[in-house]
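Below is one structure, written out as structure tokens; comments come after it.
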Amino acid sequence: MNTPILKNTIAEIFANGKGILAMDESTPTCKKRFEAAGIPQTSEMYRQYRELLVTTSGLNESIGGAILFDETIRQQTDAGEPMAKALMKAGIIPGIKVDMGAKPLPEFPTELVTEGLDGLRERLAEYKTMGARFAKWRAVITIGEGIPTDACIKANVHALARYAGLCQEADIVPIVEPEVLMDGNHSMQQCYNVTEKVLKALFSELYQFKIDLEGIILKPNMVVAGKGCLIQNSVDEVAEATVNCLRSAVPASVPAIAFLSGGQSPKVAAEHLNTINKNFKNRLPWIVAFSFARAIQQPALDAWKGEQSNVKEAQEILSSRAKLAAAARRGEYSSSMEE
Ligand code: 5MM
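Structural data, given as structure tokens:
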């Protein structure tokens, strides 16, 4: 492991107030999003959409790194350029999703464990030759009646630690993503309790597996009430709960936290991130940024509709959403900028 390489990659990704664009939807997720937008669900349409994203001019002003899916890193733009190369030319560092998805955890019918460790060392070596300098692995934790169980948390943080070790061995920065889902009726306090428990278990496991915390990026959820909860908290309450939770569980040696949006609207995700950075500036030992997928991409996907004639408009929308997220990362966002 070469720590300076890892630290340098992280510094480059987040330089000048930038964040990460997550564009690593797996085929089933891509299919679901395209279906909802009325776009044909073919590999060629996925390629055209990813080309739209990576060729958006000026995207590197707010995006320092973009996470690709395996299919995408093997695809080319119309000009015959590999997607990762197109990103690099645009001044954006390519990253790669390396997990193989969340699968049912045997004997725990409502819980999932993320798979993909087999052959990961070899896959990382290949992705590195394609230009990937960071990677991502997402664990999924659901809140519900009697869940998450300790077994589910244990299985997921174990896999995250093993993945992080293999990445660091290859001088690839691991994004460690333990996502506590917003699905459910749980309160913000329940989300706080579960997120804190998962993060504490995660950092204990990372310690045991000798992960260099200075060479990781943490990608957590914000602390919010479930979508079905009757009490939805204010922006200030979410920001405060999120900061308190992270301060209680995330060591200061972690250089950067990049939130997922998790199904929050682009505006709400930006408001939360902004308030965290603006109101709690002096309580954050880490860079606090974003690694949004839906909260940056969704309006652009809706505008594109799979039509070549809509590419320019969709790219303008994408660029503007990325700029708003970057403003929130600096604590300079205001809802008037939405106009
Ligand atoms: C883009 O979606 C990523 C991959 O998910 P699947 O394996 O389910 O297709 C996902 O990990 C994403 O990077 C994060 O959840 C952040 O996305 P959101 O939309 O929550 O910001």
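Final position of the sequence shown in numbering that gives the first Met the number 0 is 338; the numbers increase by one with none missing. Here a beta-carbon is modelled for each residue, glycine too, at the ideal position from N, C-alpha and C.
Whole-angstrom C-beta distance between residue j and residue i, which should lie under 8 angstroms
| i | j | result |
| --- | --- | --- |
| residue 282 | residue 16 | 19 angstroms between Cβ atoms; not a contact. |
| residue 222 | residue 187 | 6 angstroms |
| residue 302 | residue 260 | Rounded, the Cβ-Cβ distance is 18 angstroms, inconsistent with contact. |
| residue 141 | residue 110 | 6 angstroms |
| residue 179 | residue 197 | 6 angstroms |
| residue 92 | residue 8 | 7 angstroms |
| residue 285 | residue 313 | That belief does not hold up - the Cβ atoms of residue 285 and residue 313 are roughly 33 angstroms apart, past 8 angstroms. |
| residue 224 | residue 185 | 7 angstroms |
| residue 97 | residue 158 | Not a contact, Cβ separation roughly 11 angstroms. |
| residue 176 | residue 137 | 4 angstroms |
| residue 104 | residue 154 | 6 angstroms |
| residue 101 | residue 139 | 4 angstroms |
| residue 290 | residue 57 | Wrong, their Cβ atoms sit about 20 angstroms apart, outside the cutoff. |
| residue 145 | residue 183 | Not quite, the Cβ-Cβ distance comes to about 13 angstroms (not below 8 angstroms), so this is no contact. |
| residue 6 | residue 330 | Actually they are not in contact, since the Cβ atoms of residue 6 and residue 330 sit about 24 angstroms apart, beyond 8 angstroms. |
| residue 69 | residue 50 | Going by Cβ atoms, the distance from residue 69 to residue 50 rounds to 17 angstroms, so no, they are not a contact pair. |
| residue 167 | residue 0 | 5 angstroms |
| residue 324 | residue 269 | 6 angstroms |
| residue 242 | residue 212 | Wrong, their Cβ atoms sit about 19 angstroms apart, outside the cutoff. |
Boundaries (first-last residue) of the beta strand (DSSP E) holding residue i
| i | result |
| --- | --- |
| residue 65 | 62-67 |
| residue 102 | 101-104 |
| residue 33 | From DSSP, residue 33 is part of no beta strand (DSSP E) but of the alpha helix (DSSP H) over 26-35. |
| residue 110 | 107-113 |
| residue 266 | Element bounds for residue 266: not the beta strand (DSSP E) but the alpha helix (DSSP H), 265-278. |
| residue 18 | 18-21 |
| residue 258 | 255-258 |
Closer than 7 angstroms to chain B by CB, residue i
| i | result |
| --- | --- |
| residue 50 | Absent here is chain B; the protein component of the structure consists of one chain. |
N- and C-terminal bounds of the alpha helix (DSSP H) containing residue i
| i | result |
| --- | --- |
| residue 343 | Residue 343 lies beyond the residue range present for the chain, which begins at 0 and ends at 338; the question has no answer from this structure. |
| residue 326 | 310-328 |
| residue 300 | 293-303 |
| residue 89 | Neither: residue 89 is in no alpha helix (DSSP H) and is coded neither H nor E. |
| residue 234 | 234-248 |
| residue 51 | 42-53 |
Spatially closest choice to residue i from the options, by CA coordinates
| i | options | result |
| --- | --- | --- |
| residue 171 | 143, 154, 127, 185 | 127 |
| residue 333 | 276, 213, 300, 130 | 276 |
| residue 108 | 158, 150, 178 | 150 |
| residue 296 | 12, 62, 2 | 62 |
| residue 274 | 310, 240, 254 | 240 |
| residue 4 | 104, 98, 133 | 133 |
| residue 326 | 304, 287, 192, 0 | 287 |
| residue 65 | 226, 82, 78 | 82 |
| residue 163 | 120, 199, 337 | 120 |
| residue 311 | 136, 48, 122, 147 | 48 |
| residue 165 | 205, 32, 21 | 205 |
| residue 55 | 336, 330, 316, 335 | 316 |
| residue 85 | 52, 143, 31, 60 | 52 |
| residue 192 | 244, 144, 168 | 244 |
| residue 125 | 148, 95, 76 | 95 |
| residue 74 | 89, 32, 44, 189 | 44 |
| residue 131 | 174, 41, 32 | 174 |
| residue 129 | 298, 90, 67 | 67 |
| residue 299 | 20, 11, 12 | 20 |
Near the ligand HEM: residue i beta-carbon under 6 angstroms from a heavy atom
| i | result |
| --- | --- |
| residue 24 | For the structure depicted, the ligand HEM is absent and the ligand set comprises only the ligand 5MM. |
* **Continuous beta strand (DSSP E) assignments of at least 3 residues falling wholly in the stretch 147-188** => Within the stretch 147-188, complete beta strand (DSSP E) segments of at least 3 residues are found at 172-179, given in chain order.
* To do: Inspect the CB distances between the stretch 218-232 and the stretch 243-263 and report whether three or more fall short of 8 angstroms.
  => Touching, yes.
* Meets three-Cβ-pair contact criterion under 8 angstroms: the stretch 310-326 and the stretch 265-278 -> By the C-beta criterion, the stretch 310-326 is judged to be in contact with the stretch 265-278, since at least 3 inter-stretch pairs fall below 8 angstroms.
* Asked: Is the stretch 115-123 close to the stretch 36-49, with three or more CB pairs under 8 angstroms?
  -> Below 8 angstroms, too few C-beta pairs join the stretch 115-123 and the stretch 36-49 to call them touching: fewer than three.
* Asked: When the Cβ atoms of the stretch 23-35 are set against those of the stretch 231-240, are three or more pairs found closer than 8 angstroms?
  -> Between the stretch 23-35 and the stretch 231-240, the count of Cβ pairs shorter than 8 angstroms is below three; the stretches do not touch.
* Could you name each continuous beta strand (DSSP E) segment of 3 residues or more that falls completely within the stretch 115-142, going from the start of the chain to the end? => DSSP runs (the beta strand (DSSP E)) wholly in the stretch 115-142: 133-140.
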